[in-house]
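Residue numbers (the numbering used here): 114 to 618.
What follows is a set of notes on a single structure, which appears directly below.
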């Protein structure tokens, strides 16, 4: 029987004193254990995310002066110094989302509003929810502000990829892929990478009035260590072959919870955990994703956007073919002439007011409370999570800025289990598709909250190769190698406790 927070005994965060000491000394002790499945939205191009990241809705939290001052590389640890000190971890474990926590609802754990919104906040978020759940039509449509889908897209509704009751299908039986995974494209160009000349930076599986760009199939191969590698191949390409040496980068659609809390972490609190030159010698570096405008990326598998407004606009463009003031052009290339001649739903197709309301909706998504059936076992699993090094990158607690305009998001201590930094996870997890400030083998530490709520379609890691949390941990390499080795060295009973802990978050 699951207990609500009010009926559960207070659980000490094992190792909290050690975390506090390391952060206050300015040299956080890190190791990587990226078993999570949270990820980012879409990206209409290699430069576009920087523009989106720079945009902040009038209602969105702006970086504090301290955070802005901390953006200098010399202050932020880019020269090998640790930079500003981190706030200490709390000694007691509070509600998963602070004041933004809701009781666990097994029928619909995601897409719930945080409690105690005022009338204006609730109205704006409700209007955003209407757009979020709506199925968009091709232009010209009969519903005002709900046409303009495509011409190239992946889905016709936000809820096609982000549902309230778990994860949507991604890695399907028979080698097919579902709408729960999208595919970035990168082509080597000189000393860097760029979009495919025909297909751009994302393969679109839905065509509206024109052929779709194509589909993707997968196949796996067993390895001696019991894991299965996964390879993806395009099929049914509608406009000719991909460029030579083009790479496909799969990205699982994230579960949406606590997004406003993550947005409300100050940039200084992200930067303080950087250690790009491995100044503490633990083999784990970690660095903030610095976007072209100087802001710090925090959303997406590669941390390519800094705000919910920018992330939402990128997803509307890349995944649904809907233009906004941030992405005013259709996602057509010059070698797809019929794409550019299709009817438009307006200029832009999603007006700023609707974009703001969508961001408002995302900002007030609640965090379901943990499902702790046995407090003693939970505490034991938490201790193993820390002792193996998982907690050094999947940092348990974060805190929001004190002056957030939404009361339930102001000054909140919450537990996402992420540092929001980029980490090199080694060649086996590299997909050859860089984004924003991240290289092909760098991944943002995904939050772990809600990890056990994916349902029958749950897959793990950025490409869904891991069929279980155990496999996800065993795939760790690069900066995560020490944590993986520590996990493998545990007894079977200890591993079961650690995995049970992760499932309960």
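Quick reminder that beta carbons are idealized off the backbone N, C-alpha and C, glycines included.
Next on the checklist: Report the start-end ranges of each alpha helix (DSSP H) in the segment 328 to 394 that is 4 residues or longer and not cut off at the edges.
Outcome noted: 372 to 376, 380 to 384
Checklist entry - Can you name the start and end residues of the alpha helix (DSSP H) that residue 535 belongs to? => result As a position in the chain shown, residue 535 is number 422, starting the count at 1. No alpha helix (DSSP H) contains residue 535, which is instead part of the beta strand (DSSP E) from 535 to 537.
Checklist entry - Taking C-alpha atoms, which residue in 498, 431, 249 lies nearest to residue 615? => result In the chain shown, the residue the question calls residue 615 occupies position 502. Selected option, being the one with the closest Cα: 498.
Next on the checklist: So, with DSSP's three-state summary, where would you put residue 305?
Outcome noted: Position 192 of the chain shown, counted from the first residue, corresponds to residue 305. Residue state, collapsed to three classes: strand.
Next on the checklist: Rounding to the nearest angstrom, what Cα-Cα distance links residue 304 and residue 399 in this structure?
Outcome noted: In the chain shown, residue 304 corresponds to position 191, counting from 1. In the chain shown, residue 399 corresponds to position 286, counting from 1. Near 24 Å, if we compare the C-alpha coordinates of residue 399 and residue 304.
Next on the checklist: Here's the rule I'm using: 16 or more other beta-carbon atoms within 10 Å means buried, otherwise exposed. How should residue 605 be labelled?
Outcome noted: Translated into the one-based positions of the chain shown, residue 605 becomes position 492. Label assigned to residue 605: exposed.
Item to check | Reference residue 535, options 378, 392, 224, 403, closest by Cα | outcome: Stepping through the chain shown from its first residue, residue 535 is reached at position 422. Considering only alpha carbons, the answer is 403.
Next on the checklist: By alpha-carbon positions, which one of 567, 384, 572 ends up nearest to residue 584?
Outcome noted: As a first step, residue 584 must be located in the chain shown, where it is residue number 471. Nearest C-alpha to residue 584: 572.
Checklist entry - Among the residues of its own chain, which have a CB less than 7 Å from the CB of residue 467, if the five just before and after it don't count? => result What you label residue 467 is simply residue 354 of the chain shown in a count that begins at 1. Closer than 7 Å at the Cβ level, and outside the excluded window around residue 467, lie 244, 258.
Checklist entry - I think residue 290 touches residue 329, with their Cβ atoms under 8 Å apart; what is that distance to the nearest whole Å? => result On the chain shown, residue 290 is found 177 positions in, with the first residue counted as 1. On the chain shown, residue 329 is found 216 positions in, with the first residue counted as 1. Confirmed, about 5 Å.
Checklist entry - Taking C-beta to C-beta, are residue 435 and residue 563 nearer than 7 Å? => result Position 322 of the chain shown, counted from the first residue, corresponds to residue 435. Position 450 of the chain shown, counted from the first residue, corresponds to residue 563. In this structure, residue 563 does not lie closer than 7 Å to residue 435 by Cβ.
Checklist entry - When the Cα of residue 312 is compared with those of 231, 285, 350, which residue comes out closest? => result Counting from one through the chain shown, the residue named residue 312 turns up at place 199. Minimum Cα distance to residue 312 is reached at 350.
Item to check | Option in 561, 463, 451, 519 with minimal Cα separation from residue 440 | outcome: Locating residue 440 in the chain shown gives position 327, counting from the first residue. Considering only alpha carbons, the answer is 463.
Item to check | Reduced DSSP category for residue 251 - H, G, I as helix; E, B as strand; rest coil | outcome: Residue numbering aside, residue 251 sits at position 138 when the chain shown is read from its first letter. Three-state DSSP puts residue 251 in coil, outside helix and strand.
Checklist entry - Would residue 246 be called buried (16 or more neighbouring beta carbons within 10 Å of its own) or exposed? => result Residue numbering aside, residue 246 sits at position 133 when the chain shown is read from its first letter. The residue is exposed, with fewer than 16 neighbouring Cβ atoms inside 10 Å.
Item to check | Opening and closing residue of the beta strand (DSSP E) in which residue 555 lies | outcome: Indexing the chain shown from 1 puts residue 555 at position 442. Note, residue 555: beta strand (DSSP E), 555 to 557.
Item to check | Strand pairing of residue 214, partner residues [DSSP] | outcome: Looking up residue 214 in the chain shown gives position 101. Per DSSP, 480.
Checklist entry - Taking the DSSP output, what are the residues bridged to residue 266? => result Residue numbering aside, residue 266 sits at position 153 when the chain shown is read from its first letter. DSSP lists 319 as partners of residue 266.
Item to check | Cβ-based neighbour list, residue 472, same chain, cut-off 6 Å, excluding 5 preceding and 5 following | outcome: Translated into the one-based positions of the chain shown, residue 472 becomes position 359. For residue 472, where only same-chain residues beyond five positions count, the Cβ hits under 6 Å are 170, 421, 422, 425.
Checklist entry - In chain order, what residues of the same chain have a beta carbon less than 8 Å from the beta carbon of residue 345, not counting five sequence neighbours either side? => result In the chain shown, the residue the question calls residue 345 occupies position 232. The answer, listed in chain order, is 290, 296, 329, 330, 331, 361, 363, 576.
Item to check | Status (buried if at least 16 other CB within 10 Å, exposed otherwise) for residue 446 | outcome: Numbered from 1 along the chain shown, position 333 holds the residue referred to as residue 446. Buried: at least 16 other Cβ atoms inside 10 Å.
Checklist entry - Between residue 387 and residue 229, what straight-line distance do the alpha-carbon atoms span, to the nearest angstrom? => result For the purposes of this step, residue 387 is identified with residue 274 of the chain shown, where counting begins at 1. For the purposes of this step, residue 229 is identified with residue 116 of the chain shown, where counting begins at 1. About 35 Å.
Checklist entry - Near residue 253, what residues of its chain come up, given a Cβ to Cβ distance below 7 Å and the 5 sequence neighbours on each side ignored? => result Position 140 of the chain shown, counting from 1, holds the residue named residue 253. Taken in chain order, the residues that qualify are 260, 456.
Checklist entry - Is it true that the CB of residue 412 sits closer than 7 Å to the CB of residue 242? => result If you number the chain shown from 1, residue 242 lands on position 129. If you number the chain shown from 1, residue 412 lands on position 299. No, Cβ-Cβ distance for residue 242 and residue 412 is not below 7 Å.
Item to check | Whole-angstrom distance between residue 495 and residue 480, CA atom to CA atom | outcome: Start at 1 with the first residue of the chain shown, and residue 480 comes out as number 367. Start at 1 with the first residue of the chain shown, and residue 495 comes out as number 382. Straight-line Cα distance between these residues: approximately 19 Å.
Checklist entry - Going by the beta-carbon positions, is the gap between residue 209 and residue 528 smaller than 7 Å? => result By one-based count along the chain shown, residue 209 stands at place 96. By one-based count along the chain shown, residue 528 stands at place 415. Yes, the Cβ-Cβ distance between residue 209 and residue 528 is below 7 Å.
Checklist entry - In this structure, does DSSP put residue 578 in helix, strand or coil? => result Start at 1 with the first residue of the chain shown, and residue 578 comes out as number 465. In this structure, residue 578 counts as coil in the three-state DSSP scheme.
Checklist entry - Any idea if residue 489 is buried or exposed, counting beta-carbon neighbours within 10 angstroms, 16 or more meaning buried? => result Against the chain shown, residue 489 aligns to sequence position 376. Looking at its Cβ environment, which holds fewer than 16 other Cβ atoms inside 10 Å, residue 489 is exposed.
Next on the checklist: DSSP three-state label for residue 600, please.
Outcome noted: For this step, residue 600 is matched to residue 487 along the chain shown. Here residue 600 sits in helix by DSSP.
Checklist entry - Between the beta-carbon of residue 537 and the beta-carbon of residue 591, is there less than 7 Å? => result In the chain shown, the residue the question calls residue 537 occupies position 424. In the chain shown, the residue the question calls residue 591 occupies position 478. In this structure, residue 591 lies closer than 7 Å to residue 537 by Cβ.
Next on the checklist: Considering Cα atoms alone, identify which of 367, 581, 359 is closest to residue 314.
Outcome noted: Here residue 314 corresponds to residue number 201 of the chain shown, with the count starting at 1. Taking only the C-alpha atoms, the option nearest residue 314 is 359.
Checklist entry - Which class does residue 244 belong to by DSSP, given the choice of helix, strand or coil? => result Locating residue 244 in the chain shown gives position 131, where the first residue counts as 1. Helix.
Checklist entry - From residue 526 to residue 347, what does the alpha carbon distance come to, in whole angstroms? => result To locate residue 526, count along the chain shown from 1; it is residue 413. To locate residue 347, count along the chain shown from 1; it is residue 234. Taking the straight line from one Cα to the other gives about 44 Å.
Item to check | Opening and closing residue of the alpha helix (DSSP H) in which residue 440 lies | outcome: For the purposes of this step, residue 440 is taken as the residue at position 327 of the chain shown. No alpha helix (DSSP H) contains residue 440, which DSSP labels as neither H nor E.
Checklist entry - DSSP on residue 446, reduced to helix/strand/coil? => result Translated into positions along the chain shown, residue 446 becomes position 333. Looking at residue 446 - three-state DSSP - the assignment turns out to be coil, as it is neither helix nor strand.
Checklist entry - Apart from the five residues on each side of it in sequence, which residues of its chain come closer than 7 Å, Cβ to Cβ, to residue 419? => result Position 306 of the chain shown holds residue 419. So the qualifying residues of the chain are 166, 404, 408, 409, 410, 411.
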